[in-house]
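S.K.:
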Amino acid sequence: ITQGEYGWARVIKVSKEGAYVDIGSTREVLIKAEDLPPLNNLWPEVGDELYMTLRIDRNGDLFGRLITEEKVLSYLE
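Residue 28 in UniProt numbering sits at position 28 of the sequence shown; the count goes up by one each step and never skips.
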């Protein structure tokens, strides 16, 4: 998975900060809580696979971003 490309990543840890995923590198990537559903019981669990991409914030930190509904619909057109 790279910035701008989507791929599957396995959830390896879930905390109040969000879900940490394995993207196949030596580093785990955080999908921030603000990018997850508002209800915690809808959050992914360890072992789940998420379709995501990477993003870099203003500080240059790397984070995961889940695919949006709009992006999924654009693939179906």
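Here a beta-carbon is modelled for each residue, glycine too, at the ideal position from N, C-alpha and C.
Being a predicted model, the structure only gives us computed values, none of them experimental.
If we cut at 9 Å on Cβ distances, does R58 have a partner in chain B?
M.R.: Chain labels in this structure do not include chain B; a single protein chain is all it has.
S.K.: Tell me the rounded alpha-carbon separation between Y20 and D57.
M.R.: Rounded to the nearest angstrom, the two C-alpha atoms are 17 Å apart.
S.K.: What residue from G24, S15, S25, V29 has the CA that sits closest to residue 79's CA?
M.R.: Residue 79 lies beyond the range of the chain shown here (1 to 77); nothing can be said about it.
S.K.: How many angstroms separate the CA atom of L36 from the CA atom of W43?
M.R.: Straight-line Cα distance between these residues: approximately 6 Å.
S.K.: Report buried or exposed for G4, applying the criterion of at least 16 other Cβ atoms within 10 angstroms of its Cβ.
M.R.: So G4 ends up on the exposed side.
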